[in-house]
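A.B. asks: Once you've had a glance at the structure underneath, I'll fire off some questions.
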Amino acid sequence: MTQATSSDPAISTSRYTLTHRTGKRWFFGAAATTALVALPIIAVMVLAFFPESNVWPHLVSTTLPLYLENTALLMLGVAVTTLGLGIPCAWIVTMCQFPGRRVLEWALLLPFAVPAYVIAYVYTDLLDYAGPIQSTLRAAFGWESAGDYWFPAIRTLTGAIIMIGLVLYPYIYLLARAAFMEQSPSLFAVSRSLGRSRTATFFRVVLPVARPAIAVGLSLVLMETLNDFGTVDFFAVNTLTRGLFDTWMNLGNLGGAAQIAMVMLTFMVVLVTLERLSRRRQQQYAARDLRDPVHRFRPRRSVQAFCLVFCAMPVVLGFLVPAGVLGHYAWLYLDESWTESFLETTWNSLFLASMAALSTTVIGLVLAYSRRLHDTPVMKALLRLSSLGYAMPGAVLAVGVIIPLAAFDNWFDGLMEQFLGWNSGLLLSGSAFAIIFAYTVRFLAVSAGSLESALQNVTPNMDMASRSLGSPPARTLLRVHLPMLRGTMLTAALVVFVDCMKELPATLILRPFNFQTLATHVYQFASDEMLGQSALPALLIVTAGIIPIVLMSRSISRSREFQ
Amino acid sequence: MKLRNIILGSALAASTFMPAAASASGDVNIYSYRQAYLLEPLLDAFTEKTGIDANVVFAKKGLAERLAREGENSPADLVLTTDISRLNELVERGLTQSVVTDTLNDNIPSSLRHSEGLWYGLTTRARLIFASNERVEEGAITTYEELADERWDDRICTRSGKHPYNIALFSSMIAHHGVEEAEQWLEGLKDNLARKPQGGDRDQIKAIAAGECDLSIGNSYYYGKMLQDENQKAIANQVHLVFPNADDRGTHVNVSGMAMTQSAPNRDNAVKLMNYLASEEAQSIYARVNFEYPANPAVAPSELVSGWGTLNRDDLPLETIADYREEAVKMVDRVRYDN
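In order, the protein sequences belong to chains S and E.
Under full-length UniProt numbering, read the first sequence as residues 1 to 563, first letter to last.
Under full-length UniProt numbering, read the second sequence as residues 1 to 339, first letter to last.
And the structure:
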């Protein structure tokens with residue numbers, strides 16, 4: 001077991017040597033992959049150069065300041081909510097022994113299966129003036145109109161922050177928990193034996209070591225918040241994304257919309273870069289001996305009760321309540337909503353999500369490992385570029401996907417006609433491939449980011465040992481790194497899978513004829529203000545999301561528990 | 001990299017098993033801005049009659065971009081839309097082609113179709129005012145203009161001013177009164193709002209039932225759908241509807257419509273479908289299932305809808321409404337309607 005926190009120049013020198021010997025194969029492989037993944041992003045960048053008219057003077061003089069203010073507040077609020085729920089919950093279930101811990105360990109992931117737009121519909125239905133809670137209160141206290149009492153309005157900025165926070169905190173929870181488990185327990189023990197309290201150890205030792213993973217989680221949360229449209233639209237919170245769609249759909253200015261998307265992208269890049277700069281002097285290696293068990297401590301009874309309540313709260317609010325309401329509606333509208341195509345629809349969702357989970361994990365691994373071999377500025381830039389898809393609203397990204405795919409199809413069709421006299425038509429656009437490609441571009445940030453941060457925690461000594469014993473880079477990856485990265489890979493694949501199950505805007509635009517996923521099925525009713533009819537498929541998304549969550553979560557824990 | 005090839009390969013293989021480019025001769029392919037489940041009864045009836053399978057992709061955004069990029073090879077034959085501005089956008093981008101048949105000319109009045117047959121309206125939906133039975137007397141409000149009156153201060157609910165249905169209404173106000181007057185009106189309306197614009201048209205009716213406001217603006221068919229829904233009927237019964245400006249220029253209407261794509265690979269089948277959708281049989285399905293006003297004058301609205309009174313349409317050309325769209329959007333921003 002090795003543990004070092006240093007910026008020792010010797011290590012970077014030795015890593016350079018490692019790079020020098022590998023040749024350029026990994027570099028070109030990674031560059032080609034990145035170019036492919038970056039095509040849609042580049043397409044949107046190009047669009048931004050050709051706006052139909054200059055949208056900015058109007059925006060700046062009317063709504064832009066408000067859009068910016070709301071967007072900043074929304075992101076800040078969601079960051080505070082998700083960190084405030086995700087980190088403490090991850091720490092508590094990793095380190096404390098209390099009743100219900102084993103269940104909560106995976107149950108805390110459940111809200112992740114609930115799409116943000118669905119939870120927004122559900123809570124509006126519950127808490128609205130016309131909803132059951134306020135109606136009951138009015139009946140109970142004899143209030144007659146909205147003026148007679150105060151009740152927090154749900155369709156507000158705060159409401160949107162809570163809704164989005166409740167379904168996105170699992171990002172932080174998942175990555176923080178993985179990081180806490182990967183940390184060597186002796187790190188904690190050493191700090192304690194040197195006289196630090198548990199709290200001080202947590203803030204001075206545990207949290208800084210977990211910071212890269214938490215930063216990855218937070219950047220995912222912020223990107224998803226930034227490009228959320230369903231929730232903010234429904235809650236009438238005017239964010240930049242609403243401005244973007246307004247420019248596109250109402251002003252018919254796709255180029256102007258692409259410019260707004262670029263502004264959002266740049267903003268995200270700046271945020272991520274700042275975070276990285278602030279910890280560039282830190283380098284942590286934690287090649288953890290997996291036989292070394294986690295030692296949980298058993299706090300006082302009252303503290304145990306607090307742990308239980310604190311960790312159960314997000315599960316109740318983010319999962320049980322929405323699932324309960326959906327279940328109730330699904331029952332009320334069962335006759336109307338059950339159709340025979342449900343099996344096929346469910347299969348479509350599962351198939352697309354698994355393919356995308358697989359491809360993002362593999363590509364993410366290739367990219368992260370290439371960067372380890374070639375830690376050059378170019379490689380870093382490539383990696384950042386390929387992760388930008390996540391910071392773009394899904395519908396805009398879909399247009400970015402159509403552009404290169406349709407161009408390829410039409411070019412290939414022309415080629416076939418010229419040489420074979422046969423028309424191939426559209427091969428890629430309008431097929432399941434287009435959707436999987438879009439998912440991969442969109443969610444690569446999830447897998448590449450978490451794998452990169454996990455690889456950073458593995459000391460280069462491992463590579464050097466393996467390589468000096470004669471294993472080429474590929475075998476080193478398979479035999480040395482893969483077993484160590486198993487937990488992170490499963491986590492990344494799980495997150496991508498669930499994200500894909502929920503993905504809506506890109507799926508809608510790119511899908512083949514007569515093709516439904518659970519998310520598009522929910523949408524066609526929910527968007528027509530028919531929560532009742534959409535409840536059953538929404539429940540299915542949640543249920544289909546739960547099964548892999550439980551399986552993978554158990555597998556992740558097992559890989560860390562003593563064997 | 002081998003694994004990636006396997007993945008890509010199997011994705012490709014899988015995609016060929018999926019109903020990807022359905023362009024066999026017995027098909028007609030539709031890009032639809034309108035919910036697929038609303039089209040289902042119509043398309044099923046069409047298939048039964050003609051043996052032609054109708055395939056649908058539904059999305060509310062991006063279909064025009066997809067069509068444009070797919071170009072000559074696009075599998076799509078028809079585009080169905082839910083408002084005039086989408087039809088107009090397709091025409092302006094040169095994505096449609098002219099279709100003229102006797103059936104279409106006979107069944108769709110000239111005010112509801114493009115002069116060269118580049119698009120046809122299928123149904124009209126009236127933008128109505130809904131009023132609380134309890135707190136608003138019948139006849140207390142009769143025009144859109146009155147929505148800006150001070151007596152409705154803090155009593156009106158609407159969805160976002162940016163929604164296409166509201167944008168079309170505001171465009172018609174600009175067309176009738178000019179930008180300046182329309183903007184004053186919109187400011188007045190904004191001042192009368194009981195809450196920040198939010199939710200959909202049905203949510204506004206729910207808010208009236210709950211006593212949060214007394215008036216709302218909404219499309220006619222939402223009211224029909226609420227009456228039909230056992231769980232929402234009681235709410236809908238607490239409001240009555242007003243056909244605004246019935247006694248002067250008429251009530252503002254929007255159209256749902258169809259256009260043939262410029263590249264349509266199954267042109268003959270698409271013409272058959274267009275003729276069918278304009279026919280009395282299809283038009284009465286529209287009326288019955290979705291409570292819209294059929295474009296075909298030979299078909300009466302559903303009994304429920306007829307019971308609400310006669311619709312006197314504002315005969316402002318639909319293209320004019322589309323022309324003022326951008327102006328209306330900017331006006332909504334200037335008065336900060338949604339904030």
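Even for Gly, the Cβ is constructed at its ideal location relative to N, Cα and C.
1. Mapping the DSSP letters down to three states, classify E:L215 as helix, strand or coil.
2. Using 8 Å as the cut-off, can you tell me whether the stretch 82-89 of chain S makes contact with the stretch 511-518 of chain S, which would need three or more C-beta pairs spanning the two stretches below that distance?
3. Is the shortest distance between the beta-carbon of E:A22 and the beta-carbons of chain S less than 8 Å?
4. May I ask you to list, following chain order, the residues of the stretch 386-418 of chain S that have a beta carbon less than 8 Å from some beta carbon of chain E?
5. The stretch 112-142 of chain S: which residues have C-beta closer than 7 Å to a C-beta of chain E, in chain order?
6. Within 7 Å: the Cβ of E:P265 and any heavy atom of the ligand FAD?
7. What are the residues in the stretch 108-136 of chain E lying within 9 Å of chain S by C-beta distance?
8. Which residue from S:S53, S:L187, S:D499 puts its Cα closest to that of S:L254?
9. Since S:A48 and S:Q259 should fall inside the 8 Å C-beta cutoff, what is the C-beta to C-beta distance between them, to a whole number of angstroms?
10. Along the chain, where does the alpha helix (DSSP H) that runs through S:G327 open and close?
11. Which one or two residues does DSSP pair with E:V56 in a beta bridge?
12. In its own chain, which residues sit with a C-beta less than 7 Å from the C-beta of residue 566 of chain S, not counting the 5 before and 5 after it?
13. What residues from chain S crowd round E:D69, counting only those whose CB sits closer than 7 Å?
14. Nearest chain E C-beta to S:I509 closer than 8 Å, yes or no?
15. Please confirm whether S:A48 has its beta-carbon closer than 8 Å to some beta-carbon of chain E.
16. Rounded to whole angstroms, what's the CA-CA distance from E:V253 to S:I546? Just pull it up for me.
17. Taking 6 Å as the limit between beta carbons, can you name the residues of its chain near S:V522, skipping five residues before and five after?
18. Helix or strand or just coil, what does DSSP make of S:R177?
19. Would S:W411 be called buried (16 or more neighbouring beta carbons within 10 Å of its own) or exposed?
20. Taking 8 Å as the cut-off, decide whether the C-beta atoms of S:Y390 and S:L220 are in contact.
21. By Cβ distance, which residues of its chain are closer than 7 Å to residue 565 of chain S, with the 5 residues on each side in sequence left out?
22. Please decide whether E:A236 counts as near chain S, where near means a Cβ-Cβ distance under 8 Å.
23. Give me, in chain order, the residues of the same chain whose beta-carbon lies closer than 8 Å to that of E:N339; leave out the 5 immediate sequence neighbours on both sides.
24. S:S439 by DSSP, collapsed to three states: which one?
25. Quick one: is E:I95 near chain S, going by C-beta distance under 8 Å?
26. Alpha carbon to alpha carbon, how far is S:S61 from S:K380? Give it in angstroms, no decimals.
27. Between S:S278 and chain E, is there a C-beta pair that is closer than 8 Å?
28. Note down the Cα distance separating E:H240 from S:A139, rounded to an integer number of angstroms.
29. Helix, strand or coil for S:Y369, going by three-state DSSP, please let me know.
30. Counting only Cβ pairs nearer than 7 Å, list the residues of chain E close to S:D528.
31. Check the Cβ of S:D246 against every Cβ in chain E and list those closer than 8 Å, keeping chain order.
32. Under 8 Å between beta-carbons, which chain S residues line up against E:I167? List them in chain order, please.
33. Taking Cβ-Cβ distances below 8 Å as the criterion, which residues of the stretch 44-77 of chain E are in contact with chain S?
34. I need the DSSP call for E:R113, collapsed to helix, strand or coil.
35. Which residues in chain E have a C-beta closer than 8 Å to the C-beta of S:F235? List them in chain order.
36. Assign S:H58 to one of three DSSP states: helix, strand, or coil.
C.D. replies: To lay it out plainly:
1. In this structure, E:L215 counts as strand in the three-state DSSP scheme.
2. These segments do not touch.
3. Residue placement at E:A22 is poorly supported in this model, since its pLDDT is 42, which falls under 50; the coordinates are not used for a value here.
4. A395, A398, V399, I402, I403, A406, A407, D409, N410, D413
5. Listed in chain order, the positions of the stretch 112-142 of chain S with a beta carbon within less than 7 Å of a beta carbon of chain E are Y129, A130.
6. The ligand FAD is not among the ligands present in this structure, which contains no ligands whatsoever.
7. none
8. S:S53
9. Their Cβ separation, rounded to whole angstroms, is 5 Å, which keeps S:A48 and S:Q259 in contact under 8 Å.
10. Run containing S:G327: 321-332, per the alpha helix (DSSP H) assignment.
11. E:I30
12. Within the shown structure, residues of chain S are numbered from 1 to 563, placing residue 566 of chain S beyond reach of any answer.
13. Reading the sequence as shown, one finds Arg at residue 69 of chain E and not Asp. Going along chain S in sequence order, the residues near E:R69 (Cβ under 7 Å) are I402, I403, A406.
14. yes
15. no
16. 46 Å
17. S534, P537, A538
18. helix
19. exposed
20. Their beta carbons are under 8 Å apart, which means S:Y390 touches S:L220 by this criterion.
21. Nothing about residue 565 of chain S can be reported from this structure: the residues present for chain S run from 1 to 563 only.
22. It does not: the Cβ of E:A236 has no partner Cβ on chain S nearer than 8 Å.
23. K196
24. In the sequence on display, residue 439 of chain S carries Tyr and not Ser. S:Y439 falls in the helix class under three-state DSSP.
25. Going by the sequence as given, residue 95 of chain E is Leu instead of Ile. Not closer than 8 Å to any Cβ of chain S, the Cβ of E:L95 fails to qualify, so no.
26. Between S:K380 and S:S61, the C-alpha separation is close to 38 Å.
27. no
28. 25 Å
29. If DSSP states are grouped into helix, strand and coil, S:Y369 belongs with the helices.
30. Q35
31. K162, V329
32. Going along chain S in sequence order, the residues near E:I167 (Cβ under 8 Å) are N250.
33. Within the stretch 44-77 of chain E, those residues whose Cβ lies closer than 8 Å to any Cβ of chain S are, in chain order, N55, V56, V57, F58, A59, K60, K61, G62, L63, E65, R66, R69, E70, G71, E72, N73, S74, P75.
34. strand
35. Q198
36. helix
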